[in-house]
Ligand code: NCD
Ligand code: ZN
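Numbering (the numbering used here), first residue to last: 21 to 479.
Written as structure tokens, this is what we have:
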């Protein structure tokens with residue numbers, strides 16, 4: 021089937037201009053002059069007054085599937101993604117069993133594909149005991165890259181990743197550390213692998229840990245110095261070995277500074293931050309309570325300002341959500357000490373980026389942060405992240421002007437309360453196409469579960 025998206029302003033590779041997009045099957049066939057007549061066999065979709073952006077790519081989500089169906093699964097995750105204009109989600113490997121081998125990745129892909137409403141990629145897990153062969157097999161099976169959680173232990177009895185390593189249980193395997201990553205780095209470079217890292221120094225977290233009574237305890241227990249140290253160490257490994265490193269959820273001015281110093285020493289680091297670190301600070305705690313508890317924490321106003329500055333300067337190239345839902349019992353009914361870390365967010369990624377970019381004078385930059393740059397770094401471009409002939413017809417149609425509120429009722433994720441609750445955005449996501457299929461309209465998912473396909477990087 022052919023379809024013509026008519027009347028909008030399209031973000032082409034040369035910038036936004038009035039144009040029509042002709043879709044044939046899964047792909048964009050052509051970007052056409054705005055006055056051309058529709059081909060006789062094409063169904064016309066009116067986008068008058070709207071912006072046509074490349075479908076969003078969230079490089080950091082936690083689907084909880086398989087493992088925690090009460091928190092989320094791929095159906096609810098991708099319903100939320102579609103509603104917010106995200107046409108590719110890239111899922112972290114801390115599902116259960118964690119994605120630490122090629123056969124576990126294949127099992128997960130088959131399972132979640134049946135529920136996926138948009139396309140997805142999968143990260144593989146680096147354990148401290150991972151061999152180069154295991155990691156090469158994971159990449160060959162289609163992992164977009166590998167993720168190392170500094171300080172998060174692996175429990176071999178059920179194959180789960182724990183939030184800490186503070187137990188001596190015999191089934192707890194030590195987290196990967198700088199030693200294991202430096203050992204693996206040359207092999208990873210040989211595989212052209214991208215290594216994503218949860219960058220908080222484990223020894224720092226252990227030394228600074230203290231009982232959590234108030235938000236101050238969270239900030240003191242996970243200091244920005246822990247992030248900066250981890251980034252410096254990874255920067256050294258990268259500059260000495262040419263390892264491609266992706267810093268997940270950058271949260272602090274110190275971490276940013278460490279990354280820039282490492283880059284000036286030759287490190288190949290990509291930086292990802294999240295909407296919650298750009299919109300919020302510790303001052304929001306009285307309003308949000310445990311909803312804003314996450315690792316690493318939302319920090320000071322000075323950190324927020326530095327991250328925003330780094331994004332605008334192009335030092336941080338990717339915005340992803342770290343979408344990490346938990347149940348009401350784990351989040352709403354728990355004390356700050358007991359609440360699980362993480363917040364849903366995939367549904368408001370594009371809206372957040374549009375709003376932030378708009379305030380700085382050029383809303384179209386949102387597409388770079390939430391689509392083009394993640395596509396490039398993850399090796400998915402030009403299949404994803406590009407509105408041009410031959411690319412997948414993943415389109416997010418946005419109307420500038422009408423306000424969207426991140427209300428609890430509008431959220432499609434299983435956990436509807438999140439850190440960005442009640443945020444206001446001066447845009448509406450009107451229609452979303454995944455490979456030519458309409459998957460959401462006016463914030464409501466409408467496509468079939470099972471439509472999504474796994475994407476894998478290509479060189
Ligand atoms: C994530 C989770 O719950 O899976 N939580 C979080 O606070 N960010 C784990 C992670 O991304 O580190
Ligand atoms: Zn993380």
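A virtual CB, placed ideally from N, CA and C, is assigned to each residue, including glycine.
These numbers were taken from a predicted model, which means no experiment stands behind them.
Annotated three-state conformation of residue 343 is strand, per DSSP. Under the criterion of beta carbons closer than 8 Å, residue 335 and residue 280 qualify as touching, at roughly 6 Å. The alpha carbon of residue 41 has as its nearest neighbour, out of 64, 268, 296, 357, the alpha carbon of 64. If one requires a minimum length of 4 residues, the alpha helix (DSSP H) runs lying completely within the segment 366-441 are 369-379, 393-397, in chain order.
For residue 452, the closest C-alpha among the options 416, 135, 378 is that of 416. Per DSSP, reduced to three states, the secondary structure at residue 94 is helical. The three-state secondary structure of residue 126, taken from DSSP, is helix. Taking the Cβ of residue 246 as the reference point, every heavy atom of ligand 1 lies at 8 Å or farther away. 378 is the residue among 378, 270, 432 whose C-alpha sits nearest the C-alpha of residue 419. With respect to residue 291, residue 308 sits apart: the two C-beta atoms are not nearer than 9 Å. In the same chain as residue 457, and ignoring 5 residues on each side of it, the C-beta atoms closer than 7 Å to its own belong to 467, 471, in chain order. The closest heavy atom of ligand 1 lies 8 Å or more from the beta carbon of residue 477.
Relative to ligand 2, the beta carbon of residue 342 is positioned inside 8 Å of a heavy atom. At the C-beta level, residue 180 and residue 117 come within 9 Å of one another. With a threshold of 8 Å, the Cβ atom of residue 297 does not count as near ligand 2, since no heavy atom of the ligand is closer than that. Residue 56 counts as exposed, since fewer than 16 other beta carbons sit within 10 angstroms of its beta carbon. Relative to ligand 2, the beta carbon of residue 273 is positioned no closer than 8 Å to any heavy atom.
Between residue 390 and residue 426, the C-beta gap is not smaller than 9 Å, which leaves the two residues out of contact. Within the chosen limit of 8 Å, ligand 2 does not reach the beta carbon of residue 279 with any heavy atom. In the DSSP annotation of this structure, the continuous segment of the beta strand (DSSP E) that includes residue 289 starts and ends at 288-293.
When the alpha-carbon of residue 414 is set against those of 140, 130, 62, the nearest one is in 140. In the DSSP annotation of this structure, residue 191 is not part of any beta strand (DSSP E), being labelled neither H nor E.
Remark: the C-beta of residue 306 is outside contact range of ligand 1, defined as less than 8 Å to any heavy atom. Approximately 5 Å separates the beta-carbon atoms of residue 78 and residue 366; this is inside 8 Å, confirming the contact. In this model, residue 204 and residue 253 are separated by some 14 Å (Cα to Cα).
Distance from the CA of residue 262 to the CA of residue 184, rounded to the nearest whole angstrom, comes to 29 Å. Here the C-alpha atom of residue 170 lies approximately 7 Å from the C-alpha atom of residue 221.
Annotation for residue 66: 26, 27 place their beta carbon closer than 7 Å to its own, counting only its chain and skipping 5 residues before and after.
Residue pairing for residue 465: DSSP places it in a beta bridge opposite 460. In the three-state reduction of the DSSP assignment, residue 270 falls in the coil class, being assigned neither a helical nor a strand state. Pairing residue 39 with residue 206, the inter-Cα distance amounts to about 46 Å. Restricting attention to 110, 300, 321, the CA atom closest to the CA of residue 441 is found in 300.
Between residue 81 and residue 29, the C-beta gap is not smaller than 9 Å, which leaves the two residues out of contact. In this structure residue 328 does not touch residue 438 by the C-beta definition: roughly 20 Å separates them, more than the 8 Å allowed. Assignment of residue 52 by DSSP, reduced to helix, strand and coil, places it in the strand class.
With respect to residue 342, residue 363 sits close: the two C-beta atoms are nearer than 9 Å.
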